[in-house]
Each structure stands twice: as C-alpha cells, then as structure tokens.
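Protein chains: 2
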Amino acid sequence: MITPGTGPPTMASMPRSTPKRDEPARSAGRVGIKDVARGAGVSVGTVSNVINNPEMVSEETRLRVRAVIERLGYVRSESARQLRAGHSRMVGMLVLDLANPFFAEVAKGAEHALRAAGLGVMVCNSAASPAEEAEYLALFAEQRIRGVLVTPADTGGRTVESLRGQGTPFVLVDRSLAAEEGCSVSVDDLRGGTLAAAHLLDAGHRRVAFVGGRTDLPQVRDRLAGARSAVAAAGFADDVLLHLATDRLDVAAGRDAGARLLGLSPRPTAVLCANDLLALGLLQTLYAAGVRVPEDIALVGYDDIEFAAAAAVPLTSVRQPAGLLGRTAADLLLDEITAEGVPHAHRRIVLQPELVVRDSSAARVPSS
Amino acid sequence: MITPGTGPPTMASMPRSTPKRDEPARSAGRVGIKDVARGAGVSVGTVSNVINNPEMVSEETRLRVRAVIERLGYVRSESARQLRAGHSRMVGMLVLDLANPFFAEVAKGAEHALRAAGLGVMVCNSAASPAEEAEYLALFAEQRIRGVLVTPADTGGRTVESLRGQGTPFVLVDRSLAAEEGCSVSVDDLRGGTLAAAHLLDAGHRRVAFVGGRTDLPQVRDRLAGARSAVAAAGFADDVLLHLATDRLDVAAGRDAGARLLGLSPRPTAVLCANDLLALGLLQTLYAAGVRVPEDIALVGYDDIEFAAAAAVPLTSVRQPAGLLGRTAADLLLDEITAEGVPHAHRRIVLQPELVVRDSSAARVPSS
DNA sequence: GGACGATTCTGAAACGTTTCAATCCGATGC
DNA sequence: GCATCGGATTGAAACGTTTCAGAATCGTCC
Chain A
1 MITPGTGPPT MASMPRSTPK RDEPARSAGR VGIKDVARGA GVSVGTVSNV
51 INNPEMVSEE TRLRVRAVIE RLGYVRSESA RQLRAGHSRM VGMLVLDLAN
101 PFFAEVAKGA EHALRAAGLG VMVCNSAASP AEEAEYLALF AEQRIRGVLV
151 TPADTGGRTV ESLRGQGTPF VLVDRSLAAE EGCSVSVDDL RGGTLAAAHL
201 LDAGHRRVAF VGGRTDLPQV RDRLAGARSA VAAAGFADDV LLHLATDRLD
251 VAAGRDAGAR LLGLSPRPTA VLCANDLLAL GLLQTLYAAG VRVPEDIALV
301 GYDDIEFAAA AAVPLTSVRQ PAGLLGRTAA DLLLDEITAE GVPHAHRRIV
351 LQPELVVRDS SAARVPSS
Chain B
1001 MITPGTGPPT MASMPRSTPK RDEPARSAGR VGIKDVARGA GVSVGTVSNV
1051 INNPEMVSEE TRLRVRAVIE RLGYVRSESA RQLRAGHSRM VGMLVLDLAN
1101 PFFAEVAKGA EHALRAAGLG VMVCNSAASP AEEAEYLALF AEQRIRGVLV
1151 TPADTGGRTV ESLRGQGTPF VLVDRSLAAE EGCSVSVDDL RGGTLAAAHL
1201 LDAGHRRVAF VGGRTDLPQV RDRLAGARSA VAAAGFADDV LLHLATDRLD
1251 VAAGRDAGAR LLGLSPRPTA VLCANDLLAL GLLQTLYAAG VRVPEDIALV
1301 GYDDIEFAAA AAVPLTSVRQ PAGLLGRTAA DLLLDEITAE GVPHAHRRIV
1351 LQPELVVRDS SAARVPSS
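Chains as they are written, first to last, in this note's numbering: chain A, 1 to 368; chain B, 1001 to 1368.
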C-alpha cells in the first residue's frame, strides 16, 4: 500500500509544462484562497472566515466573497486544512472481509453514524491478514487519521498495542477487550455457539461437525467453545462435536469443507458453521452430491446475512445485530474523539445474538 | 458528510493543554522531520532524502538517520506531502451499492490493481443517489484525489461534466461513454438482456416479466431493451414482455416485486430480473407462497454473484466479469494518470456477459 | 596550483490553509 | 472634543513536507 519510492524515478525528468497563467488559474483545482482574496479585494483571513465563521463577516463582504468563490470554482484543500489542524477529519475502518455481507452491514452502520457527525470514513479490508492489517494501520498513521474502528486480524494484541502507542483513539469491533485497555463492541460468540449447538442437540443430533478455521480468531474460537459447552451442559461426551478446520471463512472454503465432510465416516448428522459463507458453500457441495438438508444433514450458519434466508434451503443461523454493532462502535469512538478535555471512560459493550430457525435444521427424530 | 462548521463551535474555548516538551515529543505522531534532523545532526533536506532518495545519501548518514527515525517513532505526514505535491496519492471509487456483492467484487479488482501501483483507494457508496454522489465528488475534490472510478448514479451526464470541469482523470465503470468524452469499461447489457430473454423464449415462455426499477439507470434500461429485442427477433408481440418497475435494486425490493407479481393475472410464467439481488428477494416471496421454481415460474437473474449458485433454487444468471471490470478500469485510470506528458487516448472497453444456466430456468414444455 | 567534477549536504522557499494579535473605523457616551 | 468600545478586517506566523540552487569537501587532471 502506498509503497514509498514508486513515484520519484518516473517523474525525475519531466518537462513539467507550466500551465498558462493568463486566466486566473483556469484548470480549477489550482485556485487557492489567495486568488479568491485578490478577486474579492479582501485578505485571505477574511475569505477563511467567510467559509468557516460566516457570522464574523459583514453581509456585504460575505456575499461578495461567496460570489468570487463561485465564479472561480474555488475548492478548499483538505490537505492544507489537515496540515494546519494536525489531524484529518477521517476515521479508518478495518474489517476482516468486506466481501462478507456481515461486515458490509457493520461498515454501513458505522459509516452512517460517523458521517452524521461530520467525519469521513475510509473502509479497508485486511483480508484477515495481520500483514495487510499492519500496512493499513501504517497508512492510517501517515494520514493522521482521527480514530480507528478495527476488527483485529492480528491475534496477539499487537494491533491494540500499536494503536495505543500512537495515541490514536480506537474501538474494537466484533472483538471484546478489557475496559481498561480500550473500547470494544462485540457480540457474545460463546452464547451464539451455545445457542446453535443446543438447538441441534435438542433436535436429536449426536454427531455434530463444527466447520470453521483459524481458531486463532477469537470469533471462531468462542463459537466453538460455546458449542462445546452446550455439549457438556447436555451431558454428552466431547466427541459428539467434531472440529473441521478451514483456512479461510468464505464460500469457497465452505465448498471444500463440504467435500471433506462427505468423506467422513461415520458422517455427522449436523453441521454448525462458523459463518454463513461457509454454510452456503457447504450447502452447494451437499446439494450437488445429492445429500438432503436437513433430512440427511442439518445445517446451521452464523451471522444471518441477508442471503441466508434465500439459500437453497433457507438457513438456520445465529443472527448478529450487524448494523447496531457498527453504529455502537462509531458512537463510542465519537465519544472518545469529541470528549477531548473530559477524561473518556472506555467501555466494553457486549451485544446478544439470536437464533433464527429455518428449514435447514428442521427438527428430526434421532436416527443414530 | 464532512459538514463544514461542525467542528468550530465545540472547540472554540478549549484549555488546550500543552503537552510536556521535556522528552522529544513523546506522544508519537507529533514527531516531525525537524526532530529527526536535530536528533541525527543533519538538515531536514537530508532526512527527506533518506526517506525518498536513499541513493543520494552516504551510507553512514543513512543508517544514522534511519536509527533516529526508528527511535523517535517518526511517521511522515501525508497531508504535508500532499500539500507540497498538489495532489493526493489516492483514487476515489464510487459505486451504486457496496452491499451488492457484484460491486464489492468490482471494487476488489480495482483496489488490487491500484494498490499494486502504489495508490490508495477510497471506496464510497452513492446508494444510487445523485445527491450522495455529488457529495462524495465534492469530498474527492477537496481531497485533491488523483483520479476517480465511478459508476454514475446521476443519469444526465452531470457527473462526467463536473469531473471533466475539475480536470480530474476518471474512468466510468459499468457504464459506457463515447471515447471522445472519456474512458469507460462496461459490460454489454444489451447483449446480456438478449441472452437472458432468448433463453426463456427458447424454453417456451410466452409471458415474461422483466423486474427492475429505475429505468433511468442505463444498466437497467439496456437490459430491458436487450430483452425486448430478443422478443422482437423471435417474432413475438411486444406484450410478451411485461415490465415491473422497482425503486431500488436490492433484496427487499425483490421481495416486494414478488408480492406484486403474485397478484398479476394472468401470471407470467417467467421472470427476468435486472440483478441477482432482486431475483433472490423474489425467490423468497415465491418460495414462501408455495410457488414452484422453475415449474410454475422460471427465474433468471443478472450478475451471477456468488450467492446465486447457492440460492433456494440455484439461479440462472447472466455472468458479468466483475473482477476484470474493476481491474480494467483501474488500468485505464493508471494509464491516464501516469502518462502525464504523453497525450492519453481515451478508450471505451466493452466486455461480454455470459449466460449461466442453472435450475431456476430448467427447460419446460410450453403450457400457454 | 588551479580548474573541474562528483559526491554529499544545507538552507530556504513554497504548498494552502487557519488562527490570532493588531489595526482600523465609525458610533457611543460623557 | 475626546476617550472608549465593538465589530470588521488585516497581516503574518505556523503546520510538515519536498525540492532545488548552491556550498563544502575531496580527488583528479592538466
């Protein structure tokens, strides 16, 4: 990202055609506050005031300056403003996978709240890679970003450490953190895993597969742990739950996992996926192989993205309040940013998930 | 969005606690190139060269300066660089709906190509609203963005006009434009519409609904026109094709359209949707109402997003090369940006769509 | 021994804002 | 007629870079 040194070599010896200066800076963009000041016969300070503190300027001057701004097509330079202010008016947002509608929804909620507060948002995709995450954080630092909303891909707390080191306000999204360490908004993954597993156990399943990789991601780990605790609470042995790891959390990984699942014997009667993308991919493989859902294998997803309800077999899923998650995180960040004098108290907010039962896990009679 | 005037009132009378200056600027971020220069006993110019033109600096100095940078945690200020350079190192990207996996895929392709070229990307969502689009373009202008990739929401060419007026390099994405006017990369929507409609007509359907709103959007208009031309080419009357407009192009609009469709009599035997989101929403309604697909109603979507294949009934769809679209647009923009001296020739590229037949439109015997 | 080149470094200008102390001016109060 | 006040405006500093003309140093060649 923004690799330093890509520019210089190519632009070393350019003719640099000086643009004609006869007209007052014709190629818009090049019109500065000085040109406006000159055009209106006032000082630059006054022009600045017209823009930022109109009530300080007499009506007559204000109108005159506004007219010149219009005429010259003046657009103020955000970089100059930033330089002066010492920080930008942007918030960086870093999610694990923008192609996952769950995160798209989270981002949408956050963006809406932040824009309402006059802050721009730069949404970036770490692709669950600590290296890409670090690159983006470096980019944010160069931009003197105002704050960061991040779902960390880095599993050792280096991300949090680095942000705290820089003094950048941040809020963890979809990941919990001790309140002393910083703000966080998450959804109770332990509970979600428990809900989903208990539902399958209730339906009589005694061989359940948990499909979901990267147990270094707390989301996956907690959902699995929740499922395990449901098994234990129901008085079953640990081996009722089989863990099938995947390296990514997308549809393609779900398809692969489906193939592996079909090779298992004895074959599980139910599958619990770490997210809906995996479940949808798995469903494709099962469908293609002629395996019936839920008759042969019951399926439960996680996130309840919009496409879960429209799936080949409408998908039972653990719904997470994605929009609320984003909005809440944004509010927390805004609180920290604006309350600059007041000693901001970090908060740890944990939202609750909800099981949405659909066809893919319709109740069955225990068969084995 | 970055509303001017939100800041000033709240920060008018703040105590502004001057940070301790004993340590060399402890709260990172505040370390400037001057601090590094002082720390290393060189001039600021030399520090700048260490960073940007290392080959110009003696090894000894380079190492010394690098060490100081490390020690002080210096991070260069992008806004200062921008101010000096006159433009940012960012490209703005504006799509109609980021929640639509099709655009997510386009954005991903573009981002990848641009990052490889050392440019950052700011992806924004106009929500198909000309007003929001204009706001974002204004934001881009203030940021002195290097170039813009845009799928215009504004249907009169105002967007293009405004960009050309600013002199900002741009490429239209998923929308065609005469090569004299600027670069564009699109997919042949006329052809796509024809493919889809011909497929349904071949299967014997004689009452086909086209579901898709906002015919002011060329994508929708062309797909509809393509469908109409297929009807004409097959020698049928115009009224074989019924147009059912929707105001948005998302899953919820598809659900609504489904309800309206069910109220029609005679009921169409096939539906062609302007995109997959509509088709998936429609499918949900049909499924809930017990209408069988494709037996009672055949369904064809558009875009072939990943979720189409995993739908309740795997969806026949017109595949568009989303990733390629984004990548190609990025390449065109890069060509225009880098070839600053060379007279850049605008190009109009039209990619071809492809019909992917799945269960939702399985062949049937003509019944009426 | 002086001229010249190459290499390395310096110092200052410039980028376009915002902010703030200082100035100006007309009106008000005495 | 003078001091004072308040509102409107000015002018310059500062923000943190990059760039570039020039200075310093050293070696080489005539």
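Glycine included, C-beta positions come from ideal geometry on N, C-alpha and C.
On a predicted model such as this, the values are computed, not experimentally measured, just so you know.
Where residue i falls: helix, strand or coil (DSSP)
i: glycine 1147 of chain B; result: strand
i: leucine 1299 of chain B; result: strand
i: valine 1173 of chain B; result: strand
i: serine 1361 of chain B; result: helix
i: valine 1356 of chain B; result: strand
i: leucine 1098 of chain B; result: coil
i: proline 24 of chain A; result: Unreliable positioning characterises proline 24 of chain A in this predicted model, as indicated by a pLDDT of 37, which lies under 50. The coordinate reading is nonetheless provided below. Reduced to three states, the DSSP call for proline 24 of chain A is coil.
i: glycine 1193 of chain B; result: helix
i: serine 184 of chain A; result: strand
i: alanine 1311 of chain B; result: strand
i: histidine 199 of chain A; result: helix
i: alanine 1374 of chain B; result: It is not possible to answer for residue 1374 of chain B, since the shown part of chain B is limited to 1001 through 1368.
Residue i CB to nearest heavy atom of the ligand GTP below 8 Å
i: alanine 310 of chain A; result: Looking at this structure, you won't find the ligand GTP or any other ligand, since it has none at all.
Alpha carbon of residue i to alpha carbon of residue j, nearest angstrom
i: alanine 1257 of chain B; j: glycine 1157 of chain B; result: 29 Å
i: glycine 1029 of chain B; j: glutamine 1143 of chain B; result: Note that glycine 1029 of chain B scores a pLDDT of 49, beneath 50, so its modelled location is shaky and nothing firm can be said.
i: alanine 1085 of chain B; j: glycine 1147 of chain B; result: 15 Å
i: isoleucine 349 of chain A; j: glutamate 105 of chain A; result: 18 Å
i: aspartate 1035 of chain B; j: tyrosine 1074 of chain B; result: 9 Å
i: alanine 1362 of chain B; j: alanine 1312 of chain B; result: 14 Å
i: glutamate 1060 of chain B; j: alanine 1037 of chain B; result: 15 Å
i: valine 171 of chain A; j: alanine 1127 of chain B; result: 26 Å
i: leucine 355 of chain A; j: valine 318 of chain A; result: 4 Å
i: glycine 1118 of chain B; j: cysteine 273 of chain A; result: 37 Å
i: arginine 71 of chain A; j: phenylalanine 1140 of chain B; result: 20 Å
i: valine 121 of chain A; j: histidine 112 of chain A; result: 9 Å
i: threonine 1346 of chain B; j: glutamate 1180 of chain B; result: Before going on, a small fix: residue 1346 of chain B reads as histidine here, not threonine. For histidine 1346 of chain B and glutamate 1180 of chain B, the distance between alpha carbons rounds to 7 Å.
i: leucine 324 of chain A; j: leucine 333 of chain A; result: 14 Å
i: isoleucine 1051 of chain B; j: aspartate 97 of chain A; result: 32 Å
i: alanine 178 of chain A; j: alanine 234 of chain A; result: 30 Å
i: proline 321 of chain A; j: arginine 221 of chain A; result: 20 Å
i: glutamine 1082 of chain B; j: serine 1088 of chain B; result: 5 Å
i: serine 162 of chain A; j: proline 169 of chain A; result: 11 Å
i: valine 1240 of chain B; j: glutamine 1352 of chain B; result: 26 Å
i: proline 1054 of chain B; j: threonine 155 of chain A; result: 34 Å
i: serine 1184 of chain B; j: leucine 1137 of chain B; result: 18 Å
i: asparagine 275 of chain A; j: alanine 1107 of chain B; result: 23 Å
i: serine 1360 of chain B; j: leucine 1277 of chain B; result: 15 Å
i: serine 1265 of chain B; j: leucine 114 of chain A; result: 47 Å
i: histidine 1205 of chain B; j: alanine 1270 of chain B; result: 6 Å
i: leucine 1315 of chain B; j: valine 1357 of chain B; result: 8 Å
Alpha helix (DSSP H) segment containing residue i, residue limits
i: glycine 408 of chain A; result: Because residue 408 of chain A is not part of the residues shown, which for chain A are 1 to 368, the question remains open.
i: serine 1162 of chain B; result: 1158-1166
i: isoleucine 1337 of chain B; result: 1322-1338
i: glutamate 1135 of chain B; result: 1130-1142
i: glycine 1109 of chain B; result: 1101-1116
i: valine 65 of chain A; result: 59-72
i: serine 77 of chain A; result: Here serine 77 of chain A belongs to no alpha helix (DSSP H), and DSSP marks it neither H nor E.
Residue i, enclosing beta strand (DSSP E) - first and last residue
i: serine 48 of chain A; result: Note, serine 48 of chain A: premise wrong, no beta strand (DSSP E); alpha helix (DSSP H) at 44-52.
i: valine 1091 of chain B; result: 1090-1095
i: leucine 348 of chain A; result: The sequence shown places arginine at residue 348 of chain A, rather than the leucine named in the question. Segment 348-351, the beta strand (DSSP E) holding arginine 348 of chain A.
i: arginine 1319 of chain B; result: 1316-1319
i: glycine 120 of chain A; result: 120-125
- With a floor of 4 residues, list each alpha helix (DSSP H) that falls wholly inside the segment 1203-1288 of chain B, ordered by position along the chain. 1218-1233, 1251-1263 and 1276-1288
- Mind the definition here: the segment 1278-1298 of chain B touches the segment 1078-1098 of chain B only if three or more C-beta pairs lie below 8 Å; say whether that holds. The segment 1278-1298 of chain B is not in contact with the segment 1078-1098 of chain B.
- State whether the segment 1095-1111 of chain B contacts the segment 1300-1311 of chain B, with contact taken as three or more CB pairs (one from each stretch) at a distance under 8 Å. yes
- Evaluate contact between the segment 192-204 of chain A and the segment 249-265 of chain A, counting only Cβ atoms and requiring at least three cross-stretch pairs below 8 Å. no
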